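S.K.: Mind looking over this structure? Questions follow.
6 protein chains.
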Amino acid sequence: MPNSLSNAEIAGIIIECLPYIKRFVGKTVVVKYGGNAMINEELKQQVMEDMVLLNLIGIKVVLVHGGGPEITNLMDKLGKKPEFVDGLRVTDRETVDIVEMVLAGRVNKSLVKFLDVKGGKAIGLSGVDGKLIEAKIKDSRLGYVGEITKVNIQPVSDLLDRGYIPVISTIACDDEGNTFNINGDTAAAHIAGALKAERLLMMTDIEGVLRDKDDPSTIIKELSVDEAKALRESGVISGGMIPKVECCVNAISYGVKNVVIMDGRIPHSILIELLTNEGAGTMFRRD
Amino acid sequence: MPNSLSNAEIAGIIIECLPYIKRFVGKTVVVKYGGNAMINEELKQQVMEDMVLLNLIGIKVVLVHGGGPEITNLMDKLGKKPEFVDGLRVTDRETVDIVEMVLAGRVNKSLVKFLDVKGGKAIGLSGVDGKLIEAKIKDSRLGYVGEITKVNIQPVSDLLDRGYIPVISTIACDDEGNTFNINGDTAAAHIAGALKAERLLMMTDIEGVLRDKDDPSTIIKELSVDEAKALRESGVISGGMIPKVECCVNAISYGVKNVVIMDGRIPHSILIELLTNEGAGTMFRRD
Amino acid sequence: MPNSLSNAEIAGIIIECLPYIKRFVGKTVVVKYGGNAMINEELKQQVMEDMVLLNLIGIKVVLVHGGGPEITNLMDKLGKKPEFVDGLRVTDRETVDIVEMVLAGRVNKSLVKFLDVKGGKAIGLSGVDGKLIEAKIKDSRLGYVGEITKVNIQPVSDLLDRGYIPVISTIACDDEGNTFNINGDTAAAHIAGALKAERLLMMTDIEGVLRDKDDPSTIIKELSVDEAKALRESGVISGGMIPKVECCVNAISYGVKNVVIMDGRIPHSILIELLTNEGAGTMFRRD
Amino acid sequence: MPNSLSNAEIAGIIIECLPYIKRFVGKTVVVKYGGNAMINEELKQQVMEDMVLLNLIGIKVVLVHGGGPEITNLMDKLGKKPEFVDGLRVTDRETVDIVEMVLAGRVNKSLVKFLDVKGGKAIGLSGVDGKLIEAKIKDSRLGYVGEITKVNIQPVSDLLDRGYIPVISTIACDDEGNTFNINGDTAAAHIAGALKAERLLMMTDIEGVLRDKDDPSTIIKELSVDEAKALRESGVISGGMIPKVECCVNAISYGVKNVVIMDGRIPHSILIELLTNEGAGTMFRRD
Amino acid sequence: MPNSLSNAEIAGIIIECLPYIKRFVGKTVVVKYGGNAMINEELKQQVMEDMVLLNLIGIKVVLVHGGGPEITNLMDKLGKKPEFVDGLRVTDRETVDIVEMVLAGRVNKSLVKFLDVKGGKAIGLSGVDGKLIEAKIKDSRLGYVGEITKVNIQPVSDLLDRGYIPVISTIACDDEGNTFNINGDTAAAHIAGALKAERLLMMTDIEGVLRDKDDPSTIIKELSVDEAKALRESGVISGGMIPKVECCVNAISYGVKNVVIMDGRIPHSILIELLTNEGAGTMFRRD
Amino acid sequence: MPNSLSNAEIAGIIIECLPYIKRFVGKTVVVKYGGNAMINEELKQQVMEDMVLLNLIGIKVVLVHGGGPEITNLMDKLGKKPEFVDGLRVTDRETVDIVEMVLAGRVNKSLVKFLDVKGGKAIGLSGVDGKLIEAKIKDSRLGYVGEITKVNIQPVSDLLDRGYIPVISTIACDDEGNTFNINGDTAAAHIAGALKAERLLMMTDIEGVLRDKDDPSTIIKELSVDEAKALRESGVISGGMIPKVECCVNAISYGVKNVVIMDGRIPHSILIELLTNEGAGTMFRRD
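Protein chains in written order, with our numbering: chain A, 1 to 287; chain B, 1001 to 1287; chain C, 2001 to 2287; chain D, 3001 to 3287; chain E, 4001 to 4287; chain F, 5001 to 5287.
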């Protein structure tokens, strides 16, 4: 912090947030946590501070996370070699067990502790708890890769009602007691939709949607669902951006008000996105 | 605001408030509003912004006000001459009617509107509403100058429970339907005590309690009730400071956790006092 | 009271009220207070007793008041001369300030104290508190004369829920912090409509709607909205009665069940109207 | 009703009740119903009207009844001869079955219907329902004559909370499924005590406690528990009055605030007792 | 109980109920009690145990009863001869009084006590309490035989909400304070319908609906409303079975999910019906 | 299940549970899950069925688990060798990470899924969630082996209030974000104490406390705290039984009503213990 600031200047800065706070107090904001912000220690600390602050001032925040490199890490240590079918990675029983352990055990509890340390009141859930996320096999050749069939949001609502920050690891279950590996972005979209969230923040390692993907200055600040579709057809949205954008558009169709592809590499990007006049990425809205 | 600040710096500043917000969320803070902060238009705007922001993030704020120069103003216009008995000003029936009109009518509604405009949800009360403040005649020669006999805090609690900012004008009533002019600081102390407030902020036009009253750098940051008494005996607290300090000490005995004699001339002094590491004046605490 | 009555006769009289009480318990009754009943000291006492009794037995009562002669009174004292444009009185800034002081300060607190003294639990509000009544300028030449644009009834409902008698002074506000003078009958109609009141009582200094305006015995006990319109077209309703009746008809269209133009000169006219078989004036009903 | 009364006089009479209503609203009043008021059709109608009115205006009323002549009546019809042991009447199995049928079936439902017809919301209970009154055999020679061992007041409180008038027939039960005939006055005292009633009204066919039992003008308006004991020792209270007074004194020791031996032969005696300045009998109070 | 069972076998049996319990927990089950199960002492005890157990584990149970032979019994004792008009039995005033006494007094309280003794928390109601069942005269020649016009289910819901077992005797009332004798099955169907019950159990002395009425092995386990109508047209359902089946079909049209004509002669038939895989009779369902 | 049982016999068996169900409905039962019942697949299924059934009928059940052989299993696979100091096993950082993953990830989610499959509504927690269990280092030489310093039971109570089965893995946290391995029995005792549980069931692989440890027929059915202490002094309780018994005694001092050392090798031992007349082990009670 620039230490030349007077207290009055500090107060002035806080007051600038008033209209933004007013907008989100009592509403639900879901953060899909991932990318650099999950690896870089300092960014991680800042994400946790942001979550705790927002929760404290009365915004209902939910943290949805995948596992990043920790899964590969443990698989390597266990000498587990990835298998492929037609170029797609197979999740066999042993692998899904590792995924479950890493996500619901290691990563989830680690995030809960980070929030605890920052003064938050967090509780970890997985898609298995209270059958939060139900799934079925997507492609029998790929093993335990799940396609979401149902979201039972009650446990999350119950925790939000009691003032907790739910931290959700993105695995799913079915009626026979199987666990599935599921796509984190898709899960976040479903959860945010079921909560009729005011905003879903997709933390990524990019600036947002760019008109010229090599020029960050061409960032598009806001996109309607229709505009997003048009941009895809015209090829502006291409490659790895396609599923990301699709997920944002889906989230809106599930009931989320706005979805933001957010640059998680920026310090305190969540606060900036929610409490300043600038935002931090590309925001999707209904038409 | 220093416009050279980046969004990340802004977020960093907000995050610094986390421990202070944590301390006050869900608690009650009573502000005795007066002095320069009530006359200077810019300071007034800032007080209102501070109140709305605190209310929004879940702190229960109450604004207690007197009438400042507006009473004298209307009395002059009405050609009403102040009377005195042994050097003390007399509040006859006509005067107390003017006081009531100015405080509960003009000043109270003006403050409510200021809060409205800033986005707050404020409701004005006087000591007459719900028999909030009951009083009796203090000295029969002085007319309708009241000594507080009882505080019925329920209406204020009811409004706080429903999320409103109560704005209270300091007049009192009795069982026969009389109105009394009462001391604003004393009323604030009683109200804060009845609410078991976490903090009572007494806005003044001084820096706080000074060891050397001519040297602002000798400000005493914190005083226990016992220390305050000792300072008075030793003459450090003297003159007009005596009743002010007495009122603070009383407030603590009524159940308030901390009372602050605060310099209301500083912009956003309320936010600075509550949400930064510095405070803005002298804080009184239990021993 | 006729002192020859036995206790048994008294009890018999009370029992006669049973069906009327049954009808109104738990329902909302709005009283637009004005005219002689506001000036004559004895009538005023009786109105207050009636309000307290009704509140006590579980009827939700709201008192809406204007200012009567007190505004003119203070304007005279302040040497403020009324201005006119095309024969219409202008409310300049200074005047609306006086109106606010008198209504929200003097008159409102005086009524609250009357109710207090009778054992009621009353809280004063104005159209400014909680932005209860929002308005805009009606005719730019007339200054701060407001046309109601919105009623935010929540503060009134909140007070009724907690058992208070809301006492409302009929001024209004806008988003810029201006105060407006508004028509009391219109305000009462809007408030009663927003509360879906069972009954709105318009206290006046006339018997009600008369077929022959010089003969009180030609009073019309009940009128449907259509009948009222027909009577106006046929000229039976004329002169000063036209806006009064229009206001009653509007109130019904806003959601009030029945509206009564009531003779406030009769002692305890409110109790008579609500708890006896006779009523006290002309009642308007939906068709 | 004296038909010469004007509406204003009627209203004046109602207003006189204000302080009495204020005293009892939200409080519990238990009426032990019996004697002439239960036999005379007109008095019965009036008791029911009184109960409904009190319930309607927010007083929690409970009606406790015995069976009067109806039990003897049915026993006669069934050719059942009363048996005696040492001059005391025996309640054999067959008799207690008749008592149960008459009290809980005939009388209770008849009273519930009377209250229904008057517009009340009444539900009948007996000491058997929810094990409201538990008892044991008092004297083995007398059969099913019970001595109260426990009152489980929850069902009565539950009904009062939901706004019903509980109508209770005074029989009792035990853990083996037996029914007992119990003394109505004693049962009423226990029930009123368990409800911490504001007042218990014992309807009788006498004026109250008289200093000279042959001179109604010597009625004692109020008696402390100690005074009652003294009067008994001095012989002023004697004969059949002894158990009645004892019951009143016990009720106070169980937690009732005031108990009244009331003259049930007076029309609307309940309303007179509660809502006028006179009362209708002798009131017992704590010392 | 077969005393050779080990604890583990007992536990195994209990666990078998899991899916059935899951289905009914939190739902409402209405039992129309009658026939042999009401006369045979052992069966009666078992019905009461079943009710208490179901209530305890969180199923909302309601017991609806008629009077069986007890009415005739008392009429005989009182020398009351049944009258007939066109072969139909007449219920004169005296008779309906007897019915009320027996049902609401004797039988109702007896059942409440049985439930008490088994550890239940039961409260008896009749169609008169809270005007639960309103009726009008069906055929003026038959006297007080009622046709149900309205069911005010609130008192029953209130008792279920507070955890009681309501025990309801099937008489009805009207606005003039008359009592009516009504058909028990019809009353049960109306009550179950008003409660949107999950299941209505009609206890009878037959196996259920039989294809060949002389061969119990031809029992029909389940019938849709349409199938029931078809069976009636084809004559399979005939004689006394017709009104019984009609009543079941009506109950479904009133909002009950399933209705069962149940063999009440089987020990613990209620538990068997609800908690085992077999059921005990013929179940009716929507098409 | 003995397939020769008739439905009536089944119902009879269920009814036998009535008094036991009555005792535990609405109360809290904590099960410390471990030993054979956690390894043997059939026993595991039965434990889960028992938990779901108890939860369903309104008993608040909590499952507390350690990790059994799965921790060693994963450590082996990762080539992690146990270290020892003075014969005590050391939990270094890497080990506690493995413990956390296995307990909070693998085992916890596996149990939650088992309960899901049986129809339960389970949510997994660890000592880290909501800072449920706080600990400090016990012996610096042993690394992350924790000694419990505080239990924040609110998250568990919140889940029980909403009807969930909390499944708790026994790890702990501190203010710096460390995880600790803690003793499962001790954790269960603390959790049960904080919940003021009616009963804590310690599942073991022994019959209970035996007078002659080689003769199961010498099992002691019930022990007071004092008797337990005496038996320890006399040497009857010895060896591995000492810490187990100490833990039971501690649990009682923390507020648990009864603690049972239970033989988890018996099928459906939880149901047998709670719902039959026999119990399944040794029960400890206050003196």
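Note that beta-carbon positions come from the ideal geometry of N, C-alpha and C, so glycine has one too. As the structure is a prediction and not an experimental result, all values here were calculated from the model.
#1: Taking the continuous alpha helix (DSSP H) assigned at residue 5190(F), which residues delimit it?
#2: Can you tell me which residues form a DSSP beta bridge with residue 4219(E)?
#3: Would you say the region 101 to 120 of chain A touches the region 5103 to 5110 of chain F, given that touching needs at least three Cβ pairs under 8 Å?
#4: Could you name the residues of chain F that residue 4022(E) contacts, counting a contact when the two beta carbons are closer than 7 Å?
#5: Under the rule that 16 or more other beta-carbon atoms within 10 Å means buried, what is residue 1116(B), buried or exposed?
#6: When you compare each of 1112(B), 1242(B) and 1185(B) to residue 2172(C) by their alpha carbons, which one comes out closest?
#7: Anything in chain B within Cβ reach of residue 261(A), meaning under 7 Å, just list it in chain order.
#8: Apart from the five residues on each side of it in sequence, which residues of its chain come closer than 6 Å, Cβ to Cβ, to residue 1(A)?
#9: Shorter than 7 Å from the beta carbon of residue 5216(F) to some beta carbon of chain E?
#10: Does residue 11(A) have its Cβ less than 7 Å from a Cβ in chain B?
#11: In three-state terms, what does DSSP make of residue 1162(B)?
#12: Quick check: the Cα distance between residue 2221(C) and residue 3005(D), rounded to an integer number of angstroms?
#13: According to DSSP, simplified to helix, strand and coil, what is residue 3285(D)?
#14: So what's residue 18(A) in DSSP terms, helix, strand or just coil?
#15: Does the distance from the C-beta atom of residue 1061(B) to that of residue 1029(B) stay below 7 Å?
#16: Which residues, in order along the region 1085 to 1105 of chain B, keep a beta-carbon less than 8 Å from a beta-carbon of chain C?
#17: Is the CB-CB distance between residue 144(A) and residue 96(A) below 7 Å?
#18: Under 7 Å between beta-carbons, which chain B residues line up against residue 2076(C)? List them in chain order, please.
#19: For the region 5041 to 5059 of chain F against the region 5132 to 5152 of chain F, do three or more pairs of beta-carbon atoms, one drawn from each stretch, fall closer than 8 Å, so that the two count as touching?
#20: State buried or exposed for residue 1035(B), treating a residue as buried only when at least 16 other CB atoms are found within 10 Å of its CB.
#21: Quick one: does residue 4158(E) have its CB under 7 Å from some CB of chain D?
#22: Assess, as a yes-or-no matter, whether the region 13 to 30 of chain A is touched by the region 191 to 198 of chain A under the definition of 3 or more beta carbon pairs within less than 8 Å.
#23: According to DSSP, residue 4173(E) sits in a beta bridge with which residue or residues?
#24: Just reading off the alpha helix (DSSP H) that residue 4094(E) is part of, what are its end residues?
#25: Roughly how many whole angstroms lie between the Cα atoms of residue 1269(B) and residue 1020(B)?
#26: Using a beta-carbon distance below 7 Å, is residue 2001(C) in contact with chain B?
#27: Per the contact definition of three or more C-beta pairs closer than 8 Å, is the region 3205 to 3219 of chain D in contact with the region 3275 to 3283 of chain D?
#28: Can you look up residue 4271(E) in the DSSP assignment and give me helix, strand or coil?
#29: Identify the residues that DSSP records as bridge partners of residue 3129(D): which are they?
#30: Determine which residues share a DSSP beta bridge with residue 5033(F) and list them.
#31: Are at least three pairs of beta-carbons, each pair with one atom in the region 117 to 127 of chain A and one in the region 5121 to 5138 of chain F, less than 8 Å apart?
#32: Considering only DSSP beta bridges, list what residue 2086(C) is partnered with.
#33: Out of curiosity, what's the CA-to-CA distance linking residue 2007(C) and residue 3272(D)?
#34: Closest by CA to residue 4188(E), which one among 4094(E), 4058(E), 4073(E) and 4244(E)?
#35: Please name the residue in 1250(B), 1079(B), 1217(B) and 1213(B) whose C-alpha comes closest to that of residue 1229(B).
#36: To the nearest angstrom, how far is the alpha carbon of residue 1164(B) from that of residue 2159(C)?
M.R.: The short version:
#1: By one-based count along the sixth sequence, residue 5190(F) stands at place 190. It spans 5184 to 5194 - the alpha helix (DSSP H) in which residue 5190(F) sits, taken as one unbroken run.
#2: Counting from 1 along the fifth sequence, the entry for residue 4219(E) is found at position 219. Bridge partners of residue 4219(E): 4210(E).
#3: Contact holds: three or more Cβ-Cβ distances are below 8 Å.
#4: Residue numbering aside, residue 4022(E) sits at position 22 when the fifth sequence is read from its first letter. 5056 and 5119, listed in chain order.
#5: Numbered from 1 along the second sequence, position 116 holds the residue referred to as residue 1116(B). Residue 1116(B) is buried by the Cβ-count criterion.
#6: Residue 2172(C) sits at position 172 when you count from the first residue of the third sequence. Of the listed residues, the one whose Cα sits closest to residue 2172(C) is 1112(B).
#7: Counted from its first residue, the first sequence places residue 261(A) at position 261. Within 7 Å Cβ-Cβ: nothing; residue 261(A) doesn't reach chain B, min ~17 Å.
#8: On the first sequence, residue 1(A) is found 1 positions in, with the first residue counted as 1. The predicted position of residue 1(A) is uncertain, since its pLDDT is 44 and thus under 50; a value taken from the coordinates is nonetheless stated next. Excluding residues within five positions, none has a Cβ falling inside 6 Å.
#9: Working through the sixth sequence from its first residue, we reach residue 5216(F) at position 216. Interface annotation, residue 5216(F): not in contact with chain E, CB-CB separation never under 7 Å.
#10: The residue given as residue 11(A) occupies position 11 in the first sequence. Residue 11(A) counts as touching chain B.
#11: Taking the second sequence and counting its residues from 1, the one referred to as residue 1162(B) is at position 162. Three-state result, residue 1162(B): coil.
#12: For the purposes of this step, residue 2221(C) is identified with residue 221 of the third sequence, where counting begins at 1. For the purposes of this step, residue 3005(D) is identified with residue 5 of the fourth sequence, where counting begins at 1. In a straight line, the C-alpha of residue 2221(C) is about 21 Å away from that of residue 3005(D).
#13: Against the fourth sequence, residue 3285(D) aligns to sequence position 285. DSSP places residue 3285(D) in strand when its eight states are reduced to three.
#14: Here residue 18(A) refers to the residue found at position 18 of the first sequence. If DSSP states are grouped into helix, strand and coil, residue 18(A) belongs with the helices.
#15: Within the second sequence, residue 1061(B) is the residue found at index 61, counting from 1. Within the second sequence, residue 1029(B) is the residue found at index 29, counting from 1. With respect to the 7 Å criterion, residue 1061(B) and residue 1029(B) are classified as neighbours on the basis of their beta carbons.
#16: Here the close residues are 1097, 1100, 1101, 1102, 1103, 1104 and 1105.
#17: Locating residue 144(A) in the first sequence gives position 144, counting from the first residue. Locating residue 96(A) in the first sequence gives position 96, counting from the first residue. Closer than 7 Å, so yes.
#18: Here residue 2076(C) refers to the residue found at position 76 when the third sequence is read from its first residue. Those within 7 Å of residue 2076(C) in chain B number zero; the least Cβ separation is about 11 Å.
#19: no
#20: Residue 1035(B) sits at position 35 when you count from the first residue of the second sequence. Looking at its Cβ environment, which holds 16 or more other Cβ atoms inside 10 Å, residue 1035(B) is buried.
#21: Within the fifth sequence, the letter at position 158 stands for residue 4158(E). Chain D has a Cβ within less than 7 Å of the Cβ of residue 4158(E).
#22: yes
#23: Here residue 4173(E) refers to the residue found at position 173 when the fifth sequence is read from its first residue. 4134(E) and 4179(E), per the DSSP bridge assignment.
#24: On the fifth sequence, residue 4094(E) is found 94 positions in, with the first residue counted as 1. 4093 to 4100 is the span of the alpha helix (DSSP H), which, as asked, contains residue 4094(E).
#25: For the purposes of this step, residue 1269(B) is taken as residue 269 along the second sequence, with counting starting at 1. For the purposes of this step, residue 1020(B) is taken as residue 20 along the second sequence, with counting starting at 1. Computed Cα separation, rounded: 15 Å.
#26: Residue mapping note: residue 2001(C) aligns to position 1 of the third sequence, counting from 1. With a pLDDT of 44 at residue 2001(C), under the threshold of 50, the modelled position of that residue is not reliable, and no figure is offered here.
#27: yes
#28: The residue labelled residue 4271(E) in the question sits at position 271 within the fifth sequence. Taken through DSSP and simplified to helix, strand or coil, residue 4271(E) comes out as helix.
#29: For the purposes of this step, residue 3129(D) is taken as residue 129 along the fourth sequence, with counting starting at 1. Under DSSP, residue 3129(D) forms no beta bridge with any residue.
#30: As a position in the sixth sequence, residue 5033(F) is number 33, starting the count at 1. DSSP output for residue 5033(F) lists 5065(F) as bridge partner(s).
#31: yes
#32: The residue labelled residue 2086(C) in the question sits at position 86 within the third sequence. Paired residue(s): none; residue 2086(C) is not in a bridge.
#33: For the purposes of this step, residue 2007(C) is taken as the residue at position 7 of the third sequence. For the purposes of this step, residue 3272(D) is taken as the residue at position 272 of the fourth sequence. Rounded to whole angstroms, residue 2007(C) to residue 3272(D) spans 6 Å at the Cα level.
#34: Numbered from its first residue, the fifth sequence carries residue 4188(E) at position 188. The shortest Cα separation from residue 4188(E) among 4094(E), 4058(E), 4073(E) and 4244(E) belongs to 4244(E).
#35: Here residue 1229(B) refers to the residue found at position 229 when the second sequence is read from its first residue. Out of 1250(B), 1079(B), 1217(B) and 1213(B), 1250(B) has the C-alpha closest to the C-alpha of residue 1229(B).
#36: On the second sequence, residue 1164(B) is found 164 positions in, with the first residue counted as 1. On the third sequence, residue 2159(C) is found 159 positions in, with the first residue counted as 1. Distance between the alpha carbons of residue 1164(B) and residue 2159(C) is about 12 Å.
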